[in-house]
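Following: one structure in structure tokens, then a few remarks.
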Amino acid sequence: MKNTMNSQISAVHYCLPSERLTNEDLAKRFGEKTVASISRMSGIVERRVARPGVTAADLAVCAAERLLQEKKIERDKIDLLVFASQTPDYQIPATSCIIHNRLRLRQSCASFDINLGCSAYPYTLAVAHGLLVSGAARTALVLNADTISHVLHPGDRSLVTLHGDAAAATLLESTNEPDVGFVGFHFGTDGAGAKHILIPASGTRSPRGEVDAVETTDDNGNISSPHHLQMNGAAVFHFSLYKVPVVIREALDKYRLRIDDLDLVLLHQANRTMDDMIYKALKVPLEKQFYFIEKVGNAAGASTPMLLAEAWRQGRLRPGSKCLIAAFGNGLSWGITIIQWPGVLGQAVQAAVDYIE
Amino acid sequence: MSKSDIPEWDSVATVRLVLSVEQEFGIHLSTDQVADIRDVASLVQAIETSIKR
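Those protein sequences? They're chains F and P, same order as listed. With the numbering used here, letter number 317 in the first sequence gets 317, and the count goes up by one each step, no holes. With the numbering used here, letter number 31 in the second sequence gets 1031, and the count goes up by one each step, no holes.
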């Protein structure tokens, strides 16, 4: 990336639905022993879940409004809006267009959706970055939001115990400041693994209206149906453990960096055990690790931007340092970005995170 | 012996089993092979296929 023009993240904020789903609640549904065992593995004791009627777009608008207000950003300044989600308001039109109207952005603002799951954040940043450095836009609002709880079968203990809902808003601006902003990106896809995380009857391949929601129970007692998200947990876990360390090393090699050059390594918060094992494989020291999953669960596409926001709020972003963000999930898909923070880092957004209707 | 016979045999247990056999036999199972493991027989078959590759 030798272009002198770059872009940088100037603020990030997130929003959580107010309803809490605790391990005690889930023990009544799945049994205490089962929930305790999964919780030991996942590191999750509580999730935030959106009640029916509250969508990913609602949470994203809330996060964006609070960010714009606290950072005193004029709405007319925003000329690019990207919304990434797999739980959009509608199949048609793009939810970003609806959000564009709700945020009262100007008509000359580009708005579009990106359909990716847990791997979305580096992709959305790269697309916004590309449009900013090309001159097509100057100020971008990137929204990553999912309400995965809405597409889970309530009897699927392997997924219900892991997932929470959330949204994040990231403000990106073009910059001429040398050596600040995105160091680079590294992406990849293994489409042969698409079948391992999907909702079978959810699009035009198998229209929901033509497929009955017949419930099935797997070997571990998880109940699901073709209308709900289904995941082969072992396959996805194994893929992540094998692939993520490899592609992080590739990204570091590509930009001639080592773990020693990074201040922070942020991983998609899939589950605590998985991230522990990835950190171990890469020999990432404790002081460069950061978790935010215990009280929120795996928030799919909102997970990594929310992690970044929380690291910023907790004072873990050191001015002038580099951090790496790795996100991975359904597709199978992965994305990595490396960010160089400026010597003078803006204040973290301190606004409330609870969604209020 | 299959996953339905052993309540503790969940997806994490499958991954731990796979990591152990990969280390023991010096092999790497594919994502699809791991996806299909549901009993001891399918685990043995995955190991045998990988050793022959």
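Even for Gly, the Cβ is constructed at its ideal location relative to N, Cα and C.
(Q) For the segment 203-234 of chain F, list every residue whose C-beta sits within 9 Å of some C-beta in chain P, in sequence order. (A) ASP218, ASP219, ASN220, GLY221, MET231, ASN232, GLY233, ALA234
Q) On the three-pair Cβ rule with 8 Å, is the segment 149-164 of chain F touching the segment 40-60 of chain F? A) yes
Q: Check whether the Cβ of ALA1041 (chain P) lies closer than 8 Å to any Cβ atom in chain F.
A: no
(Q) Please report whether the beta-carbon of PHE237 (chain F) lies at a distance below 8 Å from any beta-carbon of chain P. (A) For PHE237 (chain F), at least one C-beta of chain P is nearer than 8 Å to its own C-beta.
Q) Fully enclosed by the segment 83-111 of chain F, which alpha helix (DSSP H) runs are 4 residues long or longer? A) 95-102
Q) Which residues, taken in chain order from the segment 268-296 of chain F, show a beta carbon closer than 8 Å to some beta carbon of chain P? A) THR273
Q: Spell out the partners DSSP gives LEU21 (chain F) in its beta bridges.
A: F:ARG47
Q.
Taking CB distances under 8 Å as the criterion, tell me whether HIS358 (chain F) reaches chain P.
A. Nothing in the structure corresponds to residue 358 (chain F), since chain F is present only between 1 and 357.
(Q) Taking CB distances under 8 Å as the criterion, tell me whether SER1020 (chain P) reaches chain F. (A) no
Q | Minimum C-alpha distance to HIS153 (chain F) - residue among F:SER202, F:HIS227, F:PRO17 | A | F:HIS227
Q.
What does the alpha-carbon distance come out to for the pair LEU308 (chain F) and THR1049 (chain P)?
A. 42 Å
**Q.** Touching by the beta-carbon criterion (3+ pairs, under 8 Å), the segment 312-328 of chain F and the segment 131-145 of chain F
**A.** No contact exists between the segment 312-328 of chain F and the segment 131-145 of chain F.
**Q.** Nearest candidate by alpha-carbon position, reference GLN289 (chain F), set F:CYS323, F:GLY297, F:ARG29
**A.** F:CYS323
Q: Would you give the residue range spanned by the beta strand (DSSP E) that GLY188 (chain F) belongs to?
A: 181-189
**Q.** Whole-angstrom C-beta distance between ILE223 (chain F) and GLU210 (chain F), which should lie under 8 Å
**A.** Between ILE223 (chain F) and GLU210 (chain F) the Cβ distance is about 22 Å, and since that is not below 8 Å, they are no contact.
Q. At which residues does the beta strand (DSSP E) containing GLY130 (chain F) begin and terminate?
A. Element bounds for GLY130 (chain F): not the beta strand (DSSP E) but the alpha helix (DSSP H), 120-134.
Q: Can you give me the Cβ contacts of SER18 (chain F) inside the same chain, cut-off strictly under 7 Å, excluding the 5 residues immediately before and after it?
A: ASP354, TYR355
Q | TYR14 (chain F) burial status per 10 Å Cβ neighbour count (16 or more: buried) | A | Residue environment for TYR14 (chain F): buried (at least 16 other C-beta atoms within 10 angstroms of its C-beta).
Q.
Distance check for LEU26 (chain F) and GLU32 (chain F), CA to CA, integer angstroms please.
A. 8 Å
Q) Which term fits PHE83 (chain F), buried or exposed, when burial requires 16 or more other beta carbons within 10 angstroms of its beta carbon? A) buried
Q. Helix or strand or just coil, what does DSSP make of HIS196 (chain F)?
A. helix
Q: Just the chain F side, please: which residues come within less than 9 Å of ALA1035 (chain P) by C-beta, in chain order?
A: GLY193, LYS195, HIS196, ASN232, ALA234, ALA235, VAL236, HIS238
Q.
Can you pull the chain P neighbours of SER158 (chain F), defined as C-beta to C-beta under 7 Å?
A. SER1011
Q: Please report the residue range of the beta strand (DSSP E) in which VAL151 (chain F) lies.
A: No beta strand (DSSP E) contains VAL151 (chain F), which DSSP labels as neither H nor E.
Q | Range covered by the alpha helix (DSSP H) that runs through GLN1045 (chain P) | A | 1040-1052
Q) Going along chain F, which residues have a C-beta under 8 Å from SER1056 (chain P)? A) The requested residue 1056 (chain P) does not occur in the structure, where chain P is confined to residues 1001 to 1053.
**Q.** ALA311 (chain F) beta carbon less than 8 Å from that of ALA145 (chain F)
**A.** Against a cut-off of 8 Å, the Cβ pair of ALA311 (chain F) and ALA145 (chain F) comes out as no contact.
Q.
Whole angstroms are fine: how far does the CA of ALA270 (chain F) sit from the CA of ILE373 (chain F)?
A. Shown here, chain F extends from 1 to 357; a query on residue 373 (chain F) therefore has no answer.
Q: Scan the segment 292-340 of chain F and note each continuous beta strand (DSSP E) run of 3 residues or more that stays entirely inside, going in chain order.
A: Runs found: 322-329, 333-340.
Q. Mapping DSSP to helix, strand and coil, what is LEU116 (chain F)?
A. Collapsing the DSSP output to three states places LEU116 (chain F) in coil.
Q. Can you give the Cα-Cα distance for GLN1038 (chain P) and ILE44 (chain F), rounded to whole angstroms?
A. One detail in the question is off: residue 1038 (chain P) reads as Arg in this sequence, not Gln. Approximately 26 Å between the Cα atoms of the pair.
Q: Would you identify the three-state DSSP class for GLU173 (chain F), choosing helix, strand or coil?
A: strand
Q: Would you mind telling me which residues of chain P sit closer than 8 Å to MET41 (chain F), beta carbon to beta carbon, in chain order?
A: Contact of MET41 (chain F) with chain P by beta-carbon distance below 8 Å involves VAL1012.
Q: Would you mind giving the Cβ-Cβ distance between GLY335 (chain F) and SER158 (chain F), rounded to the nearest angstrom? I have them listed as a contact below 8 Å.
A: Their Cβ separation, rounded to whole angstroms, is 25 Å, which puts GLY335 (chain F) and SER158 (chain F) out of contact at 8 Å.
Q. Closer than 8 Å, CB to CB, is THR1049 (chain P) near chain F or not?
A. no
(Q) I need the straight-line Cα distance from MET1 (chain F) to LEU262 (chain F), nearest angstrom please. (A) Confidence in MET1 (chain F) is poor, its pLDDT being 47 and thus under 50, which makes the residue's placement too unreliable to answer from.
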